[in-house]
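Novice: Here you go, one structure.
Numbering (the working numbering), first residue to last: 4 to 74.
Below you can see the structure in the form of structure tokens.
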């Protein structure tokens with residue numbers, strides 16, 4: 004078995020674990036910076052052929068700091 008094939012199998016294994024842990028519908032940023040479901044995201048890897056988890060998309064809600072907003 005070639006080394007590249009071994010690394011590909013490892014990446015696929017870690018990708019499957021990521022899908023199980025976060026769920027296939029988890030919103031993440033893809034390589035281009037677009038927000039997609041984890042299931043639809045490309046597989047990322049570093050220069051050592053190790054799987055890189057895409058960053059989660061977190062929707063931030065701005066709070067109003069005005070005192071009048073309480074009324």
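Beta carbons: idealized from backbone N, C-alpha and C, even for Gly. All values reported here derive from a predicted model rather than from experimental measurement.
1. Just confirm the distance between the C-beta atoms of residue 47 and residue 10, as a whole number of angstroms; I'd bet it's less than 8 angstroms.
2. So, residue 59 versus residue 31, is the Cβ gap smaller than 8 angstroms?
3. Where does residue 59 fall in DSSP's three states?
4. Looking at residue 42 and residue 22, is the spacing between their C-beta atoms short of 8 angstroms?
5. To the nearest angstrom, how far is the alpha carbon of residue 54 from that of residue 7?
Specialist: On the basis of the data shown:
1. The Cβ separation is near 14 angstroms, so there is no contact.
2. yes
3. strand
4. yes
5. 13 angstroms
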